[in-house]
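Visitor:
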Amino acid sequence: MNSEKLEYFRGILQEEKRSLLEEAGRTVMEMNSDTTNFPDPTDRATQESDRTFELRIRDRERKLIVKIQEALNRIDSGTFGICEVCEEDISEARLKARPVTTLCIDCKMEQEKKERFR
11 MNSEKLEYFR GILQEEKRSL LEEAGRTVME MNSDTTNFPD PTDRATQESD
61 RTFELRIRDR ERKLIVKIQE ALNRIDSGTF GICEVCEEDI SEARLKARPV
111 TTLCIDCKME QEKKERFR
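Following the numbering used here, the numbering of the sequence shown begins with 11 at its first residue and continues without gaps.
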């Protein structure tokens, strides 16, 4: 992959990482500043349920941030866009759809097929 395309993907990944970190920071600030005390148990349960849901989303985003950093490291090491299994190039269309991917579409489909049979 040429350096222009690598820089394009680096920009996409860095912007996504920045956005996720910003959203995580906003969530922490909101949770720390929210001192609402609901006397009604139903309202408290709803608030707790909303917080749990928000934290679950942030945990998924935290895992995505790790994958983004790994993809940025692959750009730096020159292995970005190369399938980990078959070592063939991953299509640019697939990378645009999911820049953190480490598998070409054929290897990913094979992996999913094996997972279904387990």
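Backbone N, C-alpha and C define an ideal beta-carbon position, used for all residues, glycine too. Source: prediction; values computed, not measured.
What separation, rounded to the nearest whole angstrom, lies between the Cα atoms of Arg-28 and Glu-71?
Guide: Rounded to whole angstroms, Arg-28 to Glu-71 spans 12 Å at the Cα level.
Visitor: Spell out the partners DSSP gives Asp-99 in its beta bridges.
Guide: The partner list for Asp-99 (beta bridge, DSSP) reads Ile-92.
Visitor: Does the distance from the C-beta atom of Ile-115 to that of Arg-108 stay below 7 Å?
Guide: No, these two residues do not count as a Cβ contact at 7 Å.
Visitor: Let me know the secondary structure DSSP gives Leu-16 once reduced to three states.
Guide: Helix.
Visitor: Can you look up Met-41 in the DSSP assignment and give me helix, strand or coil?
Guide: If DSSP states are grouped into helix, strand and coil, Met-41 belongs with the helices.
Visitor: Mapping DSSP to helix, strand and coil, what is Arg-70?
Guide: Residue state, collapsed to three classes: helix.
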